[in-house]
Amino acid sequence: MALWHVFAVVTILFWGTSFVSTKVLINHGFSAVQIFTIRFAATYLILLLSGFRRLRFKTKSLKDELFFMLGGITGCTIYFWTENTALTISQSSNVSLIVCTNPLLILLAGIFIFKREKLLPRQIAGSFITFAGMVLVILNGKFILRLSPVGDMLAFCSALAWTVYAYSTEKVRSQYPTIFAIRKIFFYGFLTSLPILFLDYFGFGPFPAHAFPWHSFQEPVVIFNFLCLCIFSNFFGYLIWNKVMDKLGTVLASNYIFAIPLVTMITAAITIGEHISIMAVAGAFAIVTGMIMAEKQ
Numbered sequence: 173m174a175l176w177h178v179f180a181v182v183t184i185l186f187w188g189t190s191f192v193s194t195k196v197l198i199n200h201g202f203s204a205v206q207i208f209t210i211r212f213a214a215t216y217l218i219l220l221l222s223g224f225r226r227l228r229f230k231t232k233s234l235k236d237e238l239f240f241m242l243g244g245i246t247g248c249t250i251y252f253w254t255e256n257t258a259l260t261i262s263q264s265s266n267v268s269l270i271v272c273t274n275p276l277l278i279l280l281a282g283i284f285i286f287k288r289e290k291l292l293p294r295q296i297a298g299s300f301i302t303f304a305g306m307v308l309v310i311l312n313g314k315f316i317l318r319l320s321p322v323g324d325m326l327a328f329c330s331a332l333a334w335t336v337y338a339y340s341t342e343k344v345r346s347q348y349p350t351i352f353a354i355r356k357i358f359f360y361g362f363l364t365s366l367p368i369l370f371l372d373y374f375g376f377g378p379f380p381a382h383a384f385p386w387h388s389f390q391e392p393v394v395i396f397n398f399l400c401l402c403i404f405s406n407f408f409g410y411l412i413w414n415k416v417m418d419k420l421g422t423v424l425a426s427n428y429i430f431a432i433p434l435v436t437m438i439t440a441a442i443t444i445g446e447h448i449s450i451m452a453v454a455g456a457f458a459i460v461t462g463m464i465m466a467e468k469q
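If you count by my numbering, then the sequence shown holds residues 173 to 469, one letter each, in order.
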């Protein structure tokens, strides 16, 4: 069982550093929609090649197929689109804080709606201590939260979408080979991201049009960061995470998501020299303490 906790930490390391890679790509002219659409397409191709022997494998029922479709729409398209769009409207601290509340949403849904999780008071307290530490890490000593109704609502929709993904794919994850399940999810994620990419290219509503910066692929740093996102964050990240949720349980596994801002903070400090305050260090300590309380069996 300890091995799956290690895998959970590895996945969070992948996802925490992905924010820095995304920021690098945005600085090279890519829009958020272009980035996650390319991620979905490339990851799906990698999954096709790695699971070549299972190409003839099919879902057992239409119901399972619909669950895979729901997982692709919520865990890929809606999650990434709402999160990245919220970042263009609202304060990044607001968005990070709201998006990373999804472990709490998963906890509450597991206890009160699905009644699938029975947690000890210590584990519930650990989850909330970890959440408090995450707040300190995200604010990083800057207690400035400016409300932006549209952006903040989109961020909440992102957290809600991941909660739906976690529970909607819970049964099908255990019934099918992991590579097959993740391939299905990314297929529907890519398919449903195409209309958004079309709108992004021509512009819609308050959002400007974004031409595709093909010339940026001539720069090695762009190719490197796309490979990091596709191989580590998407392919290995989702592949490992679905197994982690099966082994540890949806609620306890999701507590590790609280550590994503901590990983992002450390990565940003190392790569782009962002400042880490004493408040953020205290938050990091609270995250580790709360996770130990929540995860200890």
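Ideal placement from N, C-alpha and C gives every residue a C-beta, glycine not left out.
How many Å lie between residue i and residue j at the Cα?
{"i": "ILE270", "j": "ASP324", "result": "7 Å"}
{"i": "TYR337", "j": "MET241", "result": "10 Å"}
{"i": "ARG355", "j": "TYR348", "result": "11 Å"}
{"i": "PHE384", "j": "SER190", "result": "21 Å"}
{"i": "THR249", "j": "THR302", "result": "27 Å"}
{"i": "LEU162", "j": "PHE430", "result": "The requested residue 162 does not occur in the structure, where the chain is confined to residues 173 to 469."}
{"i": "SER193", "j": "LEU234", "result": "37 Å"}
{"i": "MET451", "j": "PRO321", "result": "27 Å"}
{"i": "ASN274", "j": "VAL394", "result": "30 Å"}
{"i": "LEU308", "j": "THR436", "result": "14 Å"}
{"i": "ILE261", "j": "LYS232", "result": "42 Å"}
{"i": "THR254", "j": "LEU332", "result": "10 Å"}
{"i": "PHE389", "j": "LEU197", "result": "10 Å"}
{"i": "ILE357", "j": "TRP176", "result": "22 Å"}
{"i": "ASP236", "j": "ARG345", "result": "10 Å"}
{"i": "ALA454", "j": "GLY305", "result": "7 Å"}
{"i": "THR439", "j": "GLY188", "result": "8 Å"}
{"i": "LYS419", "j": "ALA458", "result": "25 Å"}
{"i": "HIS447", "j": "PHE398", "result": "26 Å"}
{"i": "ARG294", "j": "SER449", "result": "29 Å"}
{"i": "MET173", "j": "PHE376", "result": "48 Å"}
{"i": "THR461", "j": "PHE284", "result": "25 Å"}
{"i": "PHE359", "j": "ILE442", "result": "35 Å"}
{"i": "PRO488", "j": "ALA456", "result": "One cannot answer for residue 488 here, as it falls past the ends of the chain, which runs 173 to 469."}
{"i": "PRO392", "j": "CYS400", "result": "12 Å"}
{"i": "ILE403", "j": "LEU292", "result": "36 Å"}
{"i": "LEU220", "j": "THR350", "result": "13 Å"}
{"i": "PRO380", "j": "PHE396", "result": "27 Å"}
{"i": "PHE374", "j": "LEU280", "result": "40 Å"}
Using C-beta distances below 6 Å, list every residue in its chain close to residue i, excluding the 5 sequence neighbours before and after it, in chain order.
{"i": "ILE218", "result": "PHE407"}
{"i": "ALA258", "result": "VAL267, GLY323, LEU326, ALA327"}
{"i": "HIS382", "result": "SER203, ASP372"}
{"i": "GLY361", "result": "PHE212, GLY244, CYS248, THR249"}
{"i": "SER330", "result": "TYR251, THR254, GLU255, VAL271"}
{"i": "TYR149", "result": "Any answer about residue 149 is impossible in this case: the structure gives the chain only from 173 up to 469."}
{"i": "TRP334", "result": "TYR251, ASN274"}
{"i": "ALA214", "result": "CYS402"}
Apart from the five residues just before and just after residue i, which ones in its own chain have a Cβ nearer than 7 Å to its Cβ?
{"i": "TRP413", "result": "THR183"}
{"i": "PHE286", "result": "TYR339"}
{"i": "VAL178", "result": "none"}
{"i": "ALA425", "result": "ALA180, VAL416, MET417"}
{"i": "ASN427", "result": "PRO275, SER299, THR302, MET463, ALA466, GLU467"}
{"i": "THR364", "result": "GLY244, ILE245, THR249"}
{"i": "ALA297", "result": "MET465"}
{"i": "SER405", "result": "PHE186, TRP187, SER190"}
{"i": "GLY201", "result": "PRO385, SER388"}
{"i": "TYR216", "result": "ARG355, PHE358, PHE359, PHE362"}
Under 7 Å from any heavy atom of the ligand PLP, does the C-beta of residue i make it?
{"i": "THR249", "result": "Although the ligand PLP was asked about, the structure shown includes no ligands whatsoever."}
Over what stretch of residues does the alpha helix (DSSP H) that includes residue i continue unbroken?
{"i": "TYR474", "result": "Past the edges of the chain, shown from 173 to 469, lies residue 474, and the structure says nothing about it."}
{"i": "MET130", "result": "This structure gives no information on residue 130, because the portion of the chain shown stretches from 173 to 469."}
{"i": "SER193", "result": "174-199"}
{"i": "LEU292", "result": "LEU292 -> no alpha helix (DSSP H), and no H or E assigned at all."}
{"i": "ILE412", "result": "409-420"}
{"i": "ASN397", "result": "392-399"}
{"i": "THR260", "result": "251-261"}
{"i": "GLY243", "result": "234-244"}
{"i": "ASN274", "result": "274-280"}
By Cβ distance below 8 Å, which residues in the same chain neighbour residue i in space, the five residues on each side in sequence not counted?
{"i": "LEU369", "result": "VAL205, GLN206, THR209"}
{"i": "LEU366", "result": "THR209"}
{"i": "PHE239", "result": "SER340, THR341, LYS343, VAL344"}
Using a C-beta cutoff of 8 Å, does residue i count as contacting chain D?
{"i": "ILE403", "result": "The structure shown has no chain D; it contains just one protein chain."}
Handout entry: Ranges of the alpha helix (DSSP H) found wholly within the region 435-465, counting only runs of at least 4
Key = Counting only runs that start and end inside the region 435-465, there is no alpha helix (DSSP H) element of at least 4 residues.
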